[in-house]
Amino acid sequence: MEFIFFPDPQSYDPQRGEFKDQTGDVGKEIKDLSKHHRDLYLRVKTFLEVLLKVSDLTPFLRIEQIYKFPKEYEDLYEMRIPKQARGGVFRIYFCMSLRKLNTLILLCAELKHKAKPMKLETAMQKMKQYKELVKQGVMS
Numbered sequence: 446m447e448f449i450f451f452p453d454p455q456s457y458d459p460q461r462g463e464f465k466d467q468t469g470d471v472g473k474e475i476k477d478l479s480k481h482h483r484d485l486y487l488r489v490k491t492f493l494e495v496l497l498k499v500s501d502l503t504p505f506l507r508i509e510q511i512y513k514f515p516k517e518y519e520d521l522y523e524m525r526i527p528k529q530a531r532g533g534v535f536r537i538y539f540c541m542s543l544r545k546l547n548t549l550i551l552l553c554a555e556l557k558h559k560a561k562p563m564k565l566e567t568a569m570q571k572m573k574q575y576k577e578l579v580k581q582g583v584m585s
C-alpha cells in the first residue's frame with residue numbers, strides 16, 4: 446500500500462521522514478502521539494509499516510483492525526490501533542484513492558477514549574474535499 450497524508454498530494458516516502466514528520470491532520474496527530482504516548486506511537490508506526498508492505502486489506506478487515514463504515518459513510522474506513530485497549534485506541538480515518546491502485550488517503554486521526562468516534566464528520570468532510578480535488582485534477 447501507499448499512503449497520502451491528505452491534503453499533501455504526494456505519496457508517503459520513508460526517505461522524506463517518518464510518519465510523525467508528515468503533514469495534515471494525521472501527521473499532526475501522530476506527532477502528538479509520539480510526544481505524549483510513546484508506546485502507542487510505536488504500535489501505530491509498526492502497523493503502518495506493515496500496511497506499506499501489503500496490497501490487500503481483506504485480512505485486516507476480517508479481524509476488524511480496519512473497519513469499513515456502513516452505507517451512510519460510504520467509502521470511509523477506519524484503522525484501529527490497537528483494536529481495543531484500556532488506554533485508548535488510535536484511529537486513522539481514510540478512503541481509497543480514486544486514481545491510484547493500492548493507495549490510501551489518510552484523512553484525519555484521533556486518540557479515542559470513548560466509544561463514539563469524534564472526528565467522523567470531519568473525516569467525511571475531508572473525503573468530500575479529496576473527491577472534489579480529484580475531479581479538478583489536483584490530486585490522484
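Counting from 446, one number per residue, gives the positions in the sequence shown under our numbering.
Ideal Cβ placement from N, Cα and C applies to all residues, glycine included.
Residues in the same chain with beta-carbon distance under 6 Å from residue i, minus the five sequence neighbours each way, listed in chain order, please.
i: residue 534; result: 525 and 557
i: residue 491; result: none
i: residue 457; result: 448
i: residue 578; result: 584
i: residue 454; result: 584
i: residue 465; result: 475, 476 and 479
If you compare alpha carbons, which of the options is closest to residue i?
i: residue 500; options: 462, 446 and 482; result: 446
i: residue 548; options: 502, 465, 480 and 479; result: 502
i: residue 485; options: 573, 582, 530 and 585; result: 530
i: residue 538; options: 464, 478 and 572; result: 572
i: residue 508; options: 582, 493, 527 and 498; result: 527
i: residue 544; options: 521, 580 and 567; result: 580
i: residue 576; options: 517, 541 and 566; result: 541
i: residue 566; options: 493, 514 and 455; result: 514
i: residue 517; options: 568, 574 and 465; result: 568
i: residue 521; options: 481, 550, 487 and 489; result: 550
For residue i, does the count of other Cβ atoms within 10 angstroms reach 16, so buried, or fall short, so exposed?
i: residue 472; result: buried
i: residue 583; result: exposed
i: residue 523; result: buried
i: residue 495; result: exposed
i: residue 467; result: buried
i: residue 532; result: exposed
i: residue 469; result: buried
Alpha helix (DSSP H) containing residue i: first to last residue?
i: residue 474; result: 469 to 481
i: residue 447; result: From DSSP, residue 447 is part of no alpha helix (DSSP H) but of the beta strand (DSSP E) over 447 to 450.
i: residue 465; result: Taken as a continuous stretch (DSSP letters only), residue 465 belongs to no alpha helix (DSSP H), as it is neither H nor E.
i: residue 569; result: 565 to 580
I'd like the list of long-range same chain contacts for residue i, defined as Cβ closer than 7 Å, with 5 residues on each side in sequence excluded.
i: residue 555; result: 474, 536, 563 and 564
i: residue 497; result: 446
Near residue i, what residues of its chain come up, given a Cβ to Cβ distance below 8 Å and the 5 sequence neighbours on each side ignored?
i: residue 511; result: 502, 505, 522, 523, 524 and 525
Next item on the list: Report the residue ranges of all beta strand (DSSP E) runs contained in full by the region 503 to 554; include only those spanning at least 3 residues, in chain order.
Entry: 511 to 513, 522 to 526 and 534 to 541
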